[in-house]
Amino acid sequence: MRGVVSVGGRRRVRATIGMVAALAVGFVLGVAPATPAAATSHYLPGGIFVDCVVLTKGNTYRAVFGYYNNTPVTATIPKGPFNYLWPRQADGVQVTRFKPGRHHGVFATPPIPRNKSVTWVVGIFPATATAKSPQCGPNVELPAEGNGLAPLLVLAGGVVAALIGLRLRRLLRRS
């Protein structure tokens, strides 16, 4: 009889809903940070500094910056008027989350002409690098731009969503 859901069909629907809910909770818990929420601020209770510079080809250099946060809480300072690089062509690669403690090599600028300086400003405090700043050692690896996992996570999420959709469609056809 169409339109009547059997007891077995209800169990399958409930099981599927439970599975979807469990996946959603697992995804949120797996992706959500395990640390307390970061405080958004306009200043850093600590400071920023130039770690070193790497002289590169084409008469350019890359500046490597670090910071220290004197509080036990991660601070968030968005890119903008309180967190920027000058000249503006270099802006956008700087960090926005400042974990407690001292951190070296948190980001490197794109290539800067050797006759120009680059300044990172957080709050009202600047840190300026030039080609004459202390050079990084030969074994220094420049900080990576991202960890490369974003495309993989998007693909995995799409596959999971497609599988859930197929499973739900099959269950609805049976009931």
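In the working numbering, the protein residues as written are -5 to 169. All C-beta atoms in this analysis are idealised placements derived from N, C-alpha and C, irrespective of residue type, glycine included.
Its Cα nearest to that of residue 134, the residue 46 stands out among 46, 35 and 40.
Collapsing the DSSP output to three states places residue 118 in coil. Residue 42 and residue 120 have their alpha carbons spaced roughly 7 angstroms apart.
Beta-carbon to beta-carbon, residue 40 and residue 77 are separated by about 13 angstroms, too far to satisfy the 8 angstroms threshold. For residue 37, the number of other beta carbons within 10 angstroms of its own is below 16, and it is reported as exposed. As the crow flies, the alpha-carbon of residue 122 is around 57 angstroms from that of residue 161. Looking at the DSSP output, residue 42 shares a beta bridge with 61.
Taking the Cα of residue 56 as reference, the smallest distance to any Cα among 89, 99 and 158 is reached at 99.
Contact between residue 88 and residue 110 fails: their C-beta atoms lie close to 17 angstroms from each other, not under 8 angstroms.
Boundaries of the beta strand (DSSP E) around residue 96: 95 to 102. Judged by DSSP in its simplified three-state form, residue 106 adopts strand. One alpha carbon belongs to residue 48, the other to residue 65, and they sit about 30 angstroms apart. Check the Cα spacing between residue 115 and each of 101, 107 and 75: the tightest is with 75.
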